[in-house]
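Student: The letter at position 150 of the sequence shown is residue 166 when you use our numbering, and the numbering goes up by one with no holes. Just so you know, even glycine gets a beta-carbon here, dropped at the ideal spot from N, CA and C. Take this structure, written in structure tokens, and hold onto it; I'll ask about it next.
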Amino acid sequence: MDYAVQVKDLRKVYRVGEEKVVALDNISLTIEPGEICCILGTSGSGKTTLLNLLAGLEKPTRGEIYLLGKPVHKMDERQLAHFRQRYLGFIFQAYHLLPALTALENVSLPLAFRGVDRRTRQREARRILTDVGLSKHLLHRPTQMSGGQQQRVGIARAFVGNPPLVFADEPTGNLDSVTTREIMNLITGLAAKHRQTLLIVTHDQDVAAYASKIVHILDGRIERIESN
Ligand code: ADP
Ligand code: MG
């Protein structure tokens, strides 16, 4: 069985004028299918860079990345776009919903990109929005919802169609502590239901407590890996 995520000796260097910033160095880790893994580190430790490399949004300077056994570091833009559409859901700190679209339309969108027909899109989007507690908000637009509700839409969009991998970058970064707990219970509950692999990056210890594996990252390097 392939790992859900396998990273080998990953390095990322940014050049800013004459300066070299080593954002990530010597990163190796594996995540099993169905595992909940958290990358925990302070601001600037390289968390977003790591997630962007894993999602194929940026190219590594060196190293290998396999998602579901497939070599992401070797894919071209077309292959990457296709892979993300099929296999990867993404949750953002700032929700990134389309403001002109309703909750239902925002959540249907990834299925449209996957070529799913309209009726199935509507049914699946409605089902997952009900799962996240928004059955009465299907036609609301982002500005008509609270931050917690907008993140629930973001979660529904990431989980719709049950992609095997779900990545989240500081998913509770804009939320209070009560809403953070609700959102974390929701995300981990959804992932467990279909045995999806969850990778969350955060600076928040309380969020990391939900993970079965915590990767502590400091100045772009893995400090230690903790299994719960
Ligand atoms: P985190 O998400 O943990 O706060 P980041 O991955 O955003 O950290 O950043 C890690 C390091 O890489 C920081 O020193 C940051 O300034 C640098 N960095 C991130 N993105 C870029 C970029 N596009 N160009 C130059 N430096 C960058
Ligand atoms: Mg970040």
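1. With G163 as the anchor, note down where its alpha helix (DSSP H) starts and where it stops.
2. Specify which residues have a beta carbon nearer than 6 Å to any heavy atom of the ligand ADP, listing them in chain order.
3. According to DSSP, is A119 part of a helix, a strand, or is it coil?
4. Just to confirm, are A172 and A227 a CB contact at a threshold of 9 Å?
5. Excluding five sequence neighbours on each side, which residues of the same chain lie with their C-beta closer than 8 Å to the C-beta of M17?
6. Here's a check: name, in chain order, each residue in its chain whose Cβ is nearer than 8 Å to the Cβ of T58, leaving out the five neighbours to either side.
7. Which same chain residues end up closer than 8 Å to T196 when comparing Cβ atoms and leaving out the 5 residues on each side of it in sequence?
8. Considering only the alpha carbon of each residue, which of A39, L84 and P179 lies closest to I107?
9. Mind listing, in chain order, the continuous alpha helix (DSSP H) runs of no fewer than 4 residues lying wholly within the segment 50 to 128?
10. Could you check whether the Cβ of D185 sits closer than 8 Å to any heavy atom belonging to the ligand MG?
11. Distance check for V176 and G149, CA to CA, integer angstroms please.
12. Grab me the residues of V29's own chain with a C-beta within less than 8 Å of its C-beta, minus the 5 sequence neighbours each way, in chain order.
13. Does the ligand MG have a heavy atom nearer than 8 Å to the CB of V231?
Tutor: Taking the geometry as given:
1. G163 to F175
2. Y30, V32, V37, A39, G57, S59, G60, S61, G62, K63, T64 and T65
3. helix
4. no
5. P49
6. H219 and L234
7. T188, D220, D222 and V223
8. P179
9. 63 to 70 and 93 to 103
10. yes
11. 14 Å
12. K36, V37, V38, A39 and T77
13. no
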